[in-house]
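Below is one structure, written out as structure tokens, with a few remarks after it.
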């Protein structure tokens, strides 16, 4: 048995999972989520205000790791990966907290996403296409008969889609233009299509929020968001209805956290564009990601004979 902490420094939030890992399984003992928008409009530089907040969060995490007395891995994704001051930020975190940050590439991110999904879902038969949507990037993985046959990382995160909309409200004409732009990028990157023959999975904090909004908007009852099937037609209608709402109204009406509410419409537009492109009527929400993928990778390593 080992205790293990995994930190995910994302574009829109910082998260840490404290886990107990045994041969063949693991449990999440505690989960920490701290909203912080590292990816800001107008450039790839992480500014002093965000760095200060990041240092405060990482110091808190470091103290929790000491109390938990465990090994750790701290990973940073798109925001830090693309930041021009990446090295300076990493040095400051190391100096103030002692934590060493590993900036992972899109391929490693996709690998961890696949590990997490294949642990939760049986993908030994048929085709499965996974879209993990973050704030700054989106990872796409195709699994066929249990094996990865395609993976790619695209700069199509929710925050980047938000930048495509000029104002607070999203006009239908602009939504259509954004949809076309997204699908052009999907086609350029040769993202595989379902054509009605593959199961589609979508994961990420913003997709979870949007899925919750769609279910509540249509008064559909659910016990757990994880593994819920969300239908394109319902999501599209939800998106058209809430596009006129302020982030504050979305947050209050659907009990969505403020750092997710202003990304609800851009995320819904992105998901609708994906489903339309791959020719799928619905997706299965997977509440998992790279932290779980890293924990599962560690679990497999200690389970080897």
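In this note's numbering, the protein residues as written are 618 to 922.
In this text, a Cβ means the ideal position worked out from N, Cα and C, and glycines have one as well.
Bear in mind that the values here come from a model prediction, so they are computed numbers and not experimental data.
Check	Outcome
Rounded straight-line distance, which links the Cα of residue 751 to that of residue 669	22 Å
Buried or exposed (CB count within 10 angstroms, at least 16 for buried), residue 664	exposed
Residue interval of the alpha helix (DSSP H) (run including residue 823)	822-834
Cβ-Cβ distance between residue 826 and residue 877 below 7 Å	yes
Under 7 Å between C-beta atoms of residue 913 and residue 736	yes
The segment 811-818 / the segment 863-877 touching (three or more Cβ pairs under 8 Å)	no
Anticipated Cβ contact below 8 Å, residue 723 with residue 756, distance rounded	7 Å
CA-to-CA distance, residue 922 to residue 822, given in whole angstroms	36 Å
Counted within 10 angstroms of its Cβ, other Cβ atoms place residue 883 as buried (16 or more) or exposed	buried
Assigned secondary structure, residue 782 (DSSP; H/G/I helix, E/B strand, else coil)	coil
Residue 698 beta carbon less than 7 Å from that of residue 720	yes
Contact belief for residue 650 with residue 630 at Cβ below 8 Å, rounded distance in angstroms	6 Å
Nearest candidate by alpha-carbon position, reference residue 841, set 653, 791 and 903	903
Residue 642 (DSSP reduced to helix, strand or coil)	strand
Which listed residue (676, 740 and 661) has its alpha carbon closest to that of residue 710	676
Contacting residues, own chain, Cβ-Cβ under 7 Å from residue 774 (five flanking each side not counted)	628, 695, 750, 751, 752, 753, 754 and 755
Selection from 900, 833, 798 and 897 that minimises the alpha carbon distance to residue 868	833
Range covered by the beta strand (DSSP E) that runs through residue 770	764-771
Residue 637 in three-state terms, based on DSSP	strand
Three-state class that DSSP yields for residue 652 in the structure shown	strand
Residue 621 - containing beta strand (DSSP E), residue span	619-626
Rounded C-alpha distance that separates residue 702 from residue 708	10 Å
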